[in-house]
Every structure is written in structure tokens, then in C-alpha cells.
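*Asks:*
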Amino acid sequence: MSSTYLGMPGRPVFGDGNLHATEAFPTAARRELGNAQLRANLGHATHTIRDKRLRVVAELPDWEELRDAGSAIKESVMARLPELLEEFEANFTARGGKIHWARDAAEANKTVRDLIRDAGADEVVKVKSMATQEIGLNEYLEEQGIAAFETDLAELIVQLDHDKPSHILVPAIHKNRTQIRDIFLREMPDVDPGLTNNPARLAEAARVHLRRKFLSAKVAVSGANFAIAKSGTLAVVESEGNGRMCLTLPETLITVMGVEKLLPSWQDLEVFMQLLPRSSTGERMNPYTSLWTGVTEGDGPQNVHLVLLDNGRSAALADEMGRSALHCIRCSACMNVCPVYERTGGHAYGSTYPGPIGAILSPLLTGITSEENASLPYASSLCGACYDACPVKINIPEILVHLRAEDVDSRRGTRKTPGQMDVAMKAASWAMGAGRRMALAEKALPLGKLAAGPDRKIKKLPGIAAGWTQSRDIPAPPAQSFRDWWGKERGKSAPGENAPTITRQKEKE
Amino acid sequence: MSARTEILDRLRSALHDAPAAPDIPRHYRHESGLPGDERIELLRDRLLDYKAGVCVVDEPDVPARVAELLGKGTTYVVPPGLEEAWTALAPGRITDSAEEPLSVAELDAADAVVTGCAAAVAETGTIILDGSPDQGRRAISLIPDHHICLVRAGDIAGVLPEALRGLDGTHPLTWISGPSATSDIELERVEGVHGPRTLDVVIIRV
Ligand code: SF4
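Residue numbers (full-length UniProt numbering), protein chains in the order written: chain E, 1 to 509; chain Z, 1 to 206.
(1) Check whether the stretch 219-239 of chain E and the stretch 265-275 of chain E are in contact - that is, three or more C-beta pairs closer than 8 Å.
(2) Between E:ALA206 and E:SER280, how many whole angstroms is the CB-CB distance? I'm expecting something under 8 Å.
(3) How long is the line joining the alpha carbons of Z:ARG205 and E:LEU85, rounded to whole angstroms?
(4) Would you mind telling me which residues of chain Z sit closer than 8 Å to E:VAL170, beta carbon to beta carbon, in chain order?
(5) Just list the residues that DSSP pairs Z:LEU199 with in beta bridges.
(6) Compare the beta carbon distance of E:THR46 and E:GLU342 with 8 Å and say whether it is the shorter of the two.
(7) Tell me which residues of the stretch 49-76 of chain E have at least one Cβ-Cβ distance to chain Z shorter than 8 Å, keeping chain order.
(8) Cβ-heavy atom distance between E:ILE183 and ligand 1 below 7 Å?
(9) Alpha carbon to alpha carbon, what distance is there between E:VAL307 and E:HIS100?
(10) I want to see whether chain Z comes within less than 8 Å of E:MET285, judged by CB atoms only; does it?
(11) Using the Cα positions of E:VAL219 and E:GLU406, report the straight-line distance between them to the nearest angstrom.
(12) Exposed or buried, which one is E:SER265 when buried takes at least 16 other CB atoms within 10 Å?
(13) Return the residue from the list E:LEU326, E:SER324, E:TYR349 and E:GLY322 that minimises the CA-CA distance to E:MET335.
(14) What do you reckon, are the CB atoms on E:PHE184 and E:LEU169 nearer than 8 Å?
(15) DSSP has E:PHE226 in a bridge; who is on the other side?
(16) Mind listing the chain E neighbours of Z:ALA112? Cutoff is C-beta to C-beta under 7 Å, in chain order.
(17) Since Z:VAL120 contacts Z:LEU43 with CB under 8 Å, what's their CB separation in whole angstroms?
(18) Cβ of Z:PRO19 less than 8 Å from any chain E Cβ?
(19) Assuming contact is defined by CB atoms lying nearer than 8 Å, are E:GLY258 and E:PHE92 in contact in what I supplied?
(20) Is Z:ARG39 close to chain A, meaning its C-beta is less than 8 Å from at least one C-beta of that chain?
(21) Measuring CA to CA, which of Z:ASP184, Z:ALA110, Z:VAL190 and Z:GLU191 is closest to E:ASN41?
(22) List the residues of chain Z that E:ARG103 touches, going by C-beta distances under 7 Å, in chain order.
(23) Using C-beta distances below 7 Å, list every residue in its chain close to E:GLN302, excluding the 5 sequence neighbours before and after it, in chain order.
(24) Quick check: is the beta carbon of Z:GLY178 nearer than 8 Å to any beta carbon in chain E?
(25) Please indicate yes or no: does the CB of E:SER351 lie closer than 7 Å to some heavy atom of ligand 1?
(26) Which residue marks the beginning of the alpha helix (DSSP H) containing E:TRP266, and which one marks its end?
(27) Alpha helix (DSSP H) containing E:PHE92: first to last residue?
(28) Mind pulling the chain Z residues with CB within less than 7 Å of E:GLU82?
(29) Is Z:ARG138 close to chain E, meaning its C-beta is less than 8 Å from at least one C-beta of that chain?
(30) Just the chain Z side, please: which residues come within less than 7 Å of E:ASP299 by C-beta, in chain order?
(31) Around the C-beta of E:ALA325, are 16 or more other C-beta atoms found within 10 angstroms, so that it is buried, or is it exposed?
(32) Considering only C-alpha positions, which residue in the set E:ARG212, E:ASP310, E:GLY243 and E:VAL392 is nearest to E:LEU291?
(33) Going by DSSP, name the residue or residues bridged to Z:GLU191.
(34) Let me confirm a value: Z:VAL193 is counted as buried when at least 16 other C-beta atoms fall within 10 Å, else exposed. Which label applies?
(35) Let me check understanding here. Comparing Cα to Cα, which of Z:ALA110, Z:ALA18, Z:CYS55 and Z:ILE140 lies closest to E:ASP299?
(36) Establish whether the CB of E:VAL124 and some CB of chain Z are separated by less than 8 Å.
Here's what the structure looks like:
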């Protein structure tokens, strides 16, 4: 059956794979909040990267100009995505590369498996890649009898421990050196039993463990950070050299990349290669970047494949307010500044994409009606730190609010009686909407004292608020509201009502 | 319908509101305006920060310095187009080329590699290899544990856009900023994981 594009908006087709949380954020977060080790490791990490990042960003006099350029380039990529993909395909193919298109996770996985089998291999080495995590490639290949070896140190740690990544840049950040040593001793058959927890010794153990694999691997699987339409070039940004090993030595290279990763021209790379390393690791430049355009005779893999992945990206693109989430270059700056991420950690988000970007990207890719992901847009205090940190200026708070509204709308029809949350949200917005009503509400404050115990803490609230008090005490509200205090002190109405300014008050005194 | 057609159709209908592609404001720096000797200094400072070795020499001193960095009894790989005079004082030279490539095992057995480079970026401490005859196949600068890279002062750009202007993006490119490193364990930086653990950059004044 063939179909002609009629210019009619179609129904969006959402993605699947590891994009779906298996439980709602509040449940997962409550459990993770109990993990003090995780919180300590994570707090240390996010603060360290954050400080480094601020230092190297401050070095560049044109940081804001780079952000403006980066943001506009991505906006223009989204507006021209279909034509840029065709341009990329033509150029990559002309230089000996092969392109495969995958509608969803299952199709991408199957394509990769077939390519590995065609190459006559039953194991592959892997470069850390968000796209392959998103589609659950490792798990799928294992079911198919193909072993996939993660070669990035952090991914290796997570894989050996049968755990999940908790951060997109430093996936094993929730583990400390002693935990890592124990994992190595337990899981690496050839490891020196006298291994200490010294990071240099641990890195050396990983080097020895993987070296033979690198030098003998026939097939490698990678992601890509950027793809340049005009030349058909792919780019991978990394630190350890494991990326170079995988991209250079095997005969067959299979890359899986989301369709949104394109850049129009070579010149655009100069913008992103300044934005990405500084935003992500807080370095002026990452140790290694590899670029390849199809096949180069006599140098590197001679069978070069690219799987272009939709998996919900077209659905995200269809959301006029949400589509800028596709500008994301996965630098992880937003998670390092997020107060919610810092306390709950990456596992609480369930999806491959955690933190502020995950809270918008995951529901955009899967649809807000995906039961568990619908809670993600609420996993934010809307403080705006993520927006300030984002090198491509994605307005994450605005998209969060937009998705919350969409969530409420999508459930309106299905519920006969409004839920407690709807009532609470309605009441809150009504009360906060006018100073006089707020004043009335505050008159009820002394009642709060009755709910508090003798230590002036409220231990248990009824109804929906019970969730809040399950993991923390709330200090009892003050006996007197600010408005009341102001009124008594100044003998006038509170600020905001008839707005007596402070200067005017002073004049009267 | 093929996956290709279907995905392109989906993307086209996702753009039903026909968003305009904005003009790209490129007000960031395209030139650093740094004089040559300041570029050398900046590159040196950045590379030292990455724990690379750096020295600045006049052209006639290159062979002696390369021999010194290699040390005694070292076998090292060179690409076919590397200036012969530069390694003339060091025995143990093995040449690798696309026509007669060394095996992975032979590369693994070599102690070091000596290459030139296509460009360098002072501000970020980056050297860029593009596979030209004085730089060779990507594998040679990857497998031996010690990489000595010769950078002509005239090839040092101040900022990244200056360097990229002169490069052909369709060549296989490797950008190197310091030796291999990881910060995956409690964010403590450790130099040397899978790539060469020692990087020495010899900047040649002309
Ligand atoms: S949303 Fe912005 S800050 Fe967050 S990971 Fe993506 S590019 Fe980085």
C-alpha cells in the first residue's frame, strides 16, 4: 500500500521502549528519598560539576551569543527536519554509508540485530548512547543470544552491577569508589584480587578488562551526538577513548541516532562543540571527538550503518509548544541544577531521560496519557534553574506547565467526579488569584495550630496532602498571618490591597 | 509503506503549522585576534591543564626532542608522510600506511606513535588530526600508549571557528584535547583509560 502525503495533520504516533516509567514519579521518588547514600553521592556530584561548569562558561565572553546561535540553529532544524534528513541520507549514502529507518524501538532493535547477524558476529562492543538505552537494545540483544559489552567506564559499572544509569552523563554517579571496587571484584573474572578503591587502579582494571575485546571486536554499536546534513558526517563526543576504539577498529559500525540530532552545515558544529563540553562536564573540550562521513577506504570500519530513529520524536515535533524539547543535546546541565533531581536521583524518573529534560521529553515522546509518565511534569518546583543552565535555551518550565495542563485536560473526560488534586488545584488558583481571598484564607491559619502536636509540627494531614506528610513533618503555620501582622503593626490594610506603598507609609509616620 | 516514507510523512504532518526557520544570529567570536606567540602560550597552558606534556622548540631542534621523548629502545609507529628528518635521531621506526597497514597486534606491540596534525585550537587545548599523510590512519594514534604530536605554530588557531574553517569535514577527523581521561568514579579525574595514556605535544616555532 502506498500513501501520499496530503498535508493533513495525522494522529501522532508515540514511542515506546525504556521511555515509560514503570511507576509514577511520586511513588518512585518516595522510595529513593530514603536512600541517604544516593543523595550524598549525587549532591556531591551535581555541585562539583555545576561549579566547574560555571567557571568555564564564565571564561567565554560570547557564551550568550553561542546560546542564541545554538537555539536558533535547532529551531531551524526542527522547521526543516524532513528535508534535512533527506539531504543527510543522500550525502551519507553517496560516501558508502547505509541508512535504515526505524519507526519505533522494536523496529530499531530488530534492524540492529539483523545487521550484527549479517556480519557473522554474536557479540558487540558498545559506546555509551542514550538512543540505544531508550530502545532497550542491550536487553533485546541478550534475548537474541548476542552479548553487548558497554565500554564506557560508568556504563560498564552499571552493566556489571545489573543496575540502571541514574544520570545521563555520569551514569554510575550514585555509586562510590568502594561500591565500584566491590562490583569489579565480584563481576570481573580476571581482576586482581588485591584491587583497591583508588580511582586510578579501578580505571586500570577496566582498561585491562576491555582491551582484548576492543582489539578483537568485529562489530561496534554507537550513538551519535551530531549529524551534519550538508556533508553526511556523524560525530561522537567522548573522554576515555573507548569511543575511538569502537568507532575505528571493528569492520562493521552500527550507529543508532534520533532523527532530531541533525545540524544543517559544518559551520554549525563550531557552535555546538563550544556549548556541549562546557555545559556537560565543565571542561573546555572533551578529550576526544570523532567524526566520520560514510566509509573511508583503508581507514576504519568498511561497513558503516546508521539507524535513524523516530520512536515518538514525530509526536513530540507535532506539539507546537513542546517541540523545542527536541533541541536537547543531552548535556545534563539541567539535572545538575535541579533541586528535585538532586534529592530524588535519576532512578525516580523511571524513563531513560531523567531530570528536568526527562520530565518533559519522556511524556512528549510517549504521550501524556501514558499513565506513569503523566506524573513527570509535576516533578518540578518550576524554579527555572534548568532554563538558565540550558545551552540551547529550552524553556523547560514553560513546557512543564503546558504538559500539566494537557494532563488535566486529558483526564477530564475519563473521570466522573473531579479528583482531590483537581479540587485542590482549582481552589489554590482561585484563592491565590486575588489578595482579598488570600487574606480570608489566611484567617483560617490558627486552625492549623490545632492539627499540630505539642512540638509545633504537623505529622499527618488528611486526604491528598497525606502523601506530603508521609516523608516529612510540616511546621505548623504561624498563629498570625503576615497580613494580620502588617495590619496590626501599621494599622492599615496589607500590601496588595489598595496597595499602600512603603514610601507612602513612611511619609505618614 | 516503508519506514522511511512513514517517518517522513509523520514529520511533515507534525509541522502542520509550517513553522518558519529563523535566521541564525552568529554574533559569537569567529576570530580570537591573538598574536602567534600568545596562541602558543594559550595552547600550552590548556594542554598542561589536561595533563599533557608540552614543549616549544625551534625547527632544527625537533629531531633531538622527539628522540628524547621517545627514550631508548622504543619502537614507534609513524604515518607514511611524516617528515623523515624529524624522527631521524630515533631508531625503532615502523611505518604504517593505508596500503600496507600494520595489524592491530603490531600496533599494540609498539610503544609509541609520532604524528603531525591538521590544526590546533589554543582556547580549548585541542589538536585535530584529519588522516592526511603526515597523520595517518585513525588506529595508529589510538592503540600505542604514547602519542607524540608535532604541531607547527602556524597551524594554531585562536578559537574553534578559526580552525574549522580550514578543515574538510568529510575526512575522518579526530579531535584530541589531552590524553584519554575519565571522571566516572566520584568525579575524580584519572588520565589514561583506553586511549594513549601519555600525550606529548611538540610545538614547532617557525
Ligand atoms: S535540556 Fe538543555 S540543559 Fe538539559 S540536557 Fe538538554 S541541552 Fe542540556
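Ideal Cβ placement from N, Cα and C applies to all residues, glycine included.
Computed from a prediction, not measured in an experiment: that's the story for all the values here.
*Replies:* According to the structure data:
(1) The way I'd put it, the stretch 219-239 of chain E does touch the stretch 265-275 of chain E; three or more beta-carbon pairs between them come closer than 8 Å.
(2) The sequence position of residue 206 of chain E within the first sequence is 206, counting from 1. The sequence position of residue 280 of chain E within the first sequence is 280, counting from 1. Wrong, their Cβ atoms sit about 21 Å apart, outside the cutoff.
(3) Residue 205 of chain Z sits at position 205 when you count from the first residue of the second sequence. Residue 85 of chain E sits at position 85 when you count from the first residue of the first sequence. Computed Cα separation, rounded: 44 Å.
(4) The residue given as residue 170 of chain E occupies position 170 in the first sequence. Here the neighbours are SER183, ASP184 and LEU187.
(5) One-based indexing of the second sequence puts residue 199 of chain Z at position 199. DSSP, once it has assigned bridges, lists Z:HIS147 as partnering Z:LEU199.
(6) What you label residue 46 of chain E is simply residue 46 of the first sequence in a count that begins at 1. What you label residue 342 of chain E is simply residue 342 of the first sequence in a count that begins at 1. It is a contact, given that the beta carbons lie within the stated cut-off.
(7) Within the stretch 49-76 of chain E, those residues whose Cβ lies closer than 8 Å to any Cβ of chain Z are, in chain order, ILE49, PRO61, ASP62, GLU65, LEU66, ASP68, ALA69, ALA72, ILE73, GLU75 and SER76.
(8) To locate residue 183 of chain E, count along the first sequence from 1; it is residue 183. It does not: the Cβ of E:ILE183 is nowhere closer than 7 Å to a heavy atom of ligand 1.
(9) In the first sequence, residue 100 of chain E corresponds to position 100, counting from 1. In the first sequence, residue 307 of chain E corresponds to position 307, counting from 1. Going by the C-alpha atoms only, they are around 5 Å apart.
(10) On the first sequence, residue 285 of chain E is found 285 positions in, with the first residue counted as 1. Yes, E:MET285 counts as interfacial toward chain Z.
(11) Your numbering for residue 219 of chain E matches position 219 in the first sequence. Your numbering for residue 406 of chain E matches position 406 in the first sequence. Their backbone Cα atoms lie some 43 Å apart in a straight line.
(12) Here the question's residue 265 of chain E lines up with position 265 in the first sequence. Exposed, by the Cβ-count rule.
(13) Taking the first residue of the first sequence as 1, we reach residue 335 of chain E at position 335. Here the closest residue by C-alpha is E:TYR349.
(14) Working through the first sequence from its first residue, we reach residue 184 of chain E at position 184. Working through the first sequence from its first residue, we reach residue 169 of chain E at position 169. Their beta carbons are not under 8 Å apart, which means E:PHE184 does not touch E:LEU169 by this criterion.
(15) Numbered from its first residue, the first sequence carries residue 226 of chain E at position 226. E:PHE226 is bridged to E:ALA235.
(16) Residue mapping note: residue 112 of chain Z aligns to position 112 of the second sequence, counting from 1. Those within 7 Å of Z:ALA112 in chain E number zero; the least Cβ separation is about 16 Å.
(17) Stepping through the second sequence from its first residue, residue 120 of chain Z is reached at position 120. Stepping through the second sequence from its first residue, residue 43 of chain Z is reached at position 43. Position check: residue 120 of chain Z holds Ala in this sequence, whereas Val was assumed. Yes, Z:ALA120 and Z:LEU43 are in contact; Cβ-Cβ is about 6 Å, under 8 Å.
(18) As a working mapping, residue 19 of chain Z is identified with position 19 in the second sequence. It does; some Cβ of chain E falls within 8 Å.
(19) The sequence position of residue 258 of chain E within the first sequence is 258, counting from 1. The sequence position of residue 92 of chain E within the first sequence is 92, counting from 1. Not in contact: E:GLY258 and E:PHE92 (Cβ atoms no closer than 8 Å).
(20) The structure shown contains no chain A; its protein chains are E and Z.
(21) By one-based count along the first sequence, residue 41 of chain E stands at place 41. With distances taken between Cα atoms, E:ASN41 lies closest to Z:ASP184.
(22) Here residue 103 of chain E corresponds to residue number 103 of the first sequence, with the count starting at 1. The contacting residues are ALA3, GLU6 and ILE7.
(23) Locating residue 302 of chain E in the first sequence gives position 302, counting from the first residue. Cβ neighbours of E:GLN302 beyond the five flanking positions: GLU251 and VAL295.
(24) The residue given as residue 178 of chain Z occupies position 178 in the second sequence. Nearest CB-CB separation between Z:GLY178 and chain E: below the 8 Å threshold.
(25) Taking the first residue of the first sequence as 1, we reach residue 351 of chain E at position 351. Short note on E:SER351: C-beta not closer than 7 Å to any heavy atom of ligand 1.
(26) By one-based count along the first sequence, residue 266 of chain E stands at place 266. Run containing E:TRP266: 266-280, per the alpha helix (DSSP H) assignment.
(27) Locating residue 92 of chain E in the first sequence gives position 92, where the first residue counts as 1. Residue range 81-94 is occupied by the alpha helix (DSSP H) that includes E:PHE92.
(28) Mapped onto the first sequence, residue 82 of chain E falls at position 82. One point to set straight first is that residue 82 of chain E is Pro, not Glu, in the sequence displayed. What E:PRO82 touches in chain Z: LEU8, LEU11 and ARG12.
(29) To locate residue 138 of chain Z, count along the second sequence from 1; it is residue 138. Yes - at least one Cβ of chain E is within 8 Å of the one on Z:ARG138.
(30) Taking the first sequence and counting its residues from 1, the one referred to as residue 299 of chain E is at position 299. Within 7 Å Cβ-Cβ: ALA98, GLY131, ARG137, ARG138 and PRO172.
(31) By one-based count along the first sequence, residue 325 of chain E stands at place 325. Classification of E:ALA325: buried, given that the 10 Å Cβ count is 16 or more.
(32) By one-based count along the first sequence, residue 291 of chain E stands at place 291. Among E:ARG212, E:ASP310, E:GLY243 and E:VAL392, the Cα nearest to that of E:LEU291 belongs to E:GLY243.
(33) Sequence index remark: in the second sequence, residue 191 of chain Z carries index 191 (1-based). Paired residue(s): Z:ALA181.
(34) What you label residue 193 of chain Z is simply residue 193 of the second sequence in a count that begins at 1. With 16 or more other Cβ atoms within 10 Å, it is buried.
(35) As a position in the first sequence, residue 299 of chain E is number 299, starting the count at 1. Per the Cα distances, Z:ILE140.
(36) On the first sequence, position 124 is the one that residue 124 of chain E refers to. Nearest CB-CB separation between E:VAL124 and chain Z: not below the 8 Å threshold.
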